[in-house]
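Asker: Got a structure for you, questions after.
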Ligand SMILES: NC(=O)c1ccc[n+]([C@@H]2O[C@H](COP(=O)([O-])OP(=O)(O)OC[C@H]3O[C@@H](n4cnc5c(N)ncnc54)[C@H](OP(=O)(O)O)[C@@H]3O)[C@@H](O)[C@H]2O)c1
């Protein structure tokens, strides 16, 4: 059985579906089990990264775990708590969702410092581990839907810089591969789409798909916790594409245009 944390979120939800489609028994963790519909092969468990007892119950009997943390303020506390629960429960391996650029020093800060601490806790745990460091999710543009519907411009936080925008379905597919296959121990995968795109290019593509004009405006300055990462991207350092998705999945990653076409009704 595989434990998927963050099971109601973007990557967790897709990973649960991918595992069930392969016939792999899944335990999905959420703070509110009513949020997940029953399905064959699926067990839903209540778990909160701030409640160590709930994590131990969730991890007991899990062979492998997908660790997805999204704390309201940057902190490694949730990663450390789940790694600790995994060790105590005797889990075999943990696949951690991290982020591109983690640990790089830039603009007087360390990018993704909380993810770095979480990665370090996992690497030092004695568990088998795999780290996924995706680029910006294509699905972040769903945040634009209200503005697009209102005919308002969408915000560009990185001033026209291109980024290796990745389809979250590809991130989840790599998670499924790492959770079910072999050869992923101690691997760090940097997951990107096939080509770097700017927010302006994403807006143009979405506009073509939706048949309307999508204008772009400058975003307000980011909160201090994200400033180094935004500066790193704005200065072009996230215009990176890798072949890690292709190497793991044996096929090319999806483009932003493909993601947009498949999600046009959400806008
Ligand atoms: N968005 C991007 O462009 C991007 C790019 C690279 C990396 N990432 C990384 O991806 C991760 C987020 O993944 P996502 O977008 O799939 O998540 P998401 O859609 O933001 O969902 C967050 C998930 O975390 C769960 N959660 C939040 N607080 C919790 C708590 N205290 N205890 C237990 N579960 C809790 C939520 O579950 P319930 O509310 O149901 O409990 C939900 O399933 C972050 O680590 C982020 O740094 C994101």
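In full-length UniProt numbering, the protein residues as written are 1 to 267. Just so it is clear, CB atoms sit at the ideal spot from N, CA and C, and this is done for glycine as well.
Does the stretch 203-210 come close enough to the stretch 116-136 to have 3 or more Cβ pairs within less than 8 Å?
Answerer: Touching, no.
Asker: Taking the alpha-carbon positions, what's the residue 152 to residue 214 distance?
Answerer: Residue 152 sits at position 152 when you count from the first residue of the chain shown. Residue 214 sits at position 214 when you count from the first residue of the chain shown. Going from the Cα of residue 152 to the Cα of residue 214 covers about 8 Å.
Asker: Where does residue 130 fall in DSSP's three states?
Answerer: By one-based count along the chain shown, residue 130 stands at place 130. It is a strand residue.
Asker: Just checking residue 140 against ligand 1 - is the residue's beta carbon closer than 6 Å to any of the ligand's heavy atoms?
Answerer: Mapped onto the chain shown, residue 140 falls at position 140. Checking every heavy atom of ligand 1 against the Cβ of residue 140, one is found closer than 6 Å.
Asker: Hey, how far is the Cα of residue 242 from the Cα of residue 139?
Answerer: Position 242 of the chain shown holds residue 242. Position 139 of the chain shown holds residue 139. Taking the straight line joining both Cα atoms gives about 19 Å.
Asker: Name, in chain order, the residues that DSSP records as bridge partners for residue 93.
Answerer: As a first step, residue 93 is located in the chain shown; it is residue number 93 there, counting from the start. DSSP lists 64 and 128 as partners of residue 93.
Asker: Write down the C-beta distance between residue 1 and residue 62 rounded to the nearest angstrom, noting that I regard them as a contact closer than 8 Å.
Answerer: Position 1 of the chain shown, counted from the start, is the residue given in the question as residue 1. Position 62 of the chain shown, counted from the start, is the residue given in the question as residue 62. The Cβ separation is near 6 Å, so the contact holds.
Asker: Can residue 155 and residue 69 be called in contact, C-beta distance under 7 Å?
Answerer: On the chain shown, position 155 is the one that residue 155 refers to. On the chain shown, position 69 is the one that residue 69 refers to. No, they are not a contact pair.
Asker: Mark residue 264 as exposed unless 16 or more other C-beta atoms lie within 10 angstroms of its C-beta, in which case mark it buried.
Answerer: As a working mapping, residue 264 is identified with position 264 in the chain shown. Answer is exposed; the Cβ neighbour count stays below 16.
Asker: Give the secondary structure of residue 155 by DSSP, where H, G and I count as helix, E and B as strand, and everything else as coil.
Answerer: Walking along the chain shown from the start, residue 155 turns up at place 155. Strand, per DSSP.
Asker: Please look up how many angstroms separate the CB atoms of residue 67 and residue 95, rounded, as I've assumed it's under 8 Å.
Answerer: In the chain shown, the residue the question calls residue 67 occupies position 67. In the chain shown, the residue the question calls residue 95 occupies position 95. Confirmed, Cβ separation roughly 7 Å.
Asker: Quick check on residue 261: does DSSP put it in helix, strand or coil?
Answerer: Locating residue 261 in the chain shown gives position 261, counting from the first residue. Looking at residue 261 - three-state DSSP - the assignment turns out to be helix.
Asker: Whose C-alpha, out of 49, 83 and 60, is nearest the C-alpha of residue 72?
Answerer: As a first step, residue 72 is located in the chain shown; it is residue number 72 there, counting from the start. Of 49, 83 and 60, the residue nearest in Cα terms is 49.
Asker: Leaving aside the five residues before and after residue 298 along the sequence, list all residues of the same chain whose C-beta is less than 6 Å from its C-beta, in chain order.
Answerer: Any answer about residue 298 is impossible in this case: the structure gives the chain only from 1 up to 267.
Asker: Let me know the secondary structure DSSP gives residue 205 once reduced to three states.
Answerer: Taking the first residue of the chain shown as position 1, residue 205 is located at position 205. Of the three classes helix, strand and coil, the one that applies to residue 205 here is helix, per DSSP.
Asker: Please report the residue range of the beta strand (DSSP E) in which residue 4 lies.
Answerer: The sequence position of residue 4 within the chain shown is 4, counting from 1. Looking at the DSSP string, the run of the beta strand (DSSP E) that includes residue 4 is 2-4.
Asker: What separation, rounded to the nearest whole angstrom, lies between the Cα atoms of residue 14 and residue 171?
Answerer: On the chain shown, position 14 is the one that residue 14 refers to. On the chain shown, position 171 is the one that residue 171 refers to. C-alpha separation (whole angstroms): 9 Å.
Asker: Indicate the three-state DSSP secondary structure (helix, strand or coil) for residue 59 in the structure shown.
Answerer: As a working mapping, residue 59 is identified with position 59 in the chain shown. In this structure, residue 59 counts as helix in the three-state DSSP scheme.
Asker: Go ahead and pull the three-state DSSP assignment for residue 198.
Answerer: Start at 1 with the first residue of the chain shown, and residue 198 comes out as number 198. In this structure, residue 198 counts as strand in the three-state DSSP scheme.
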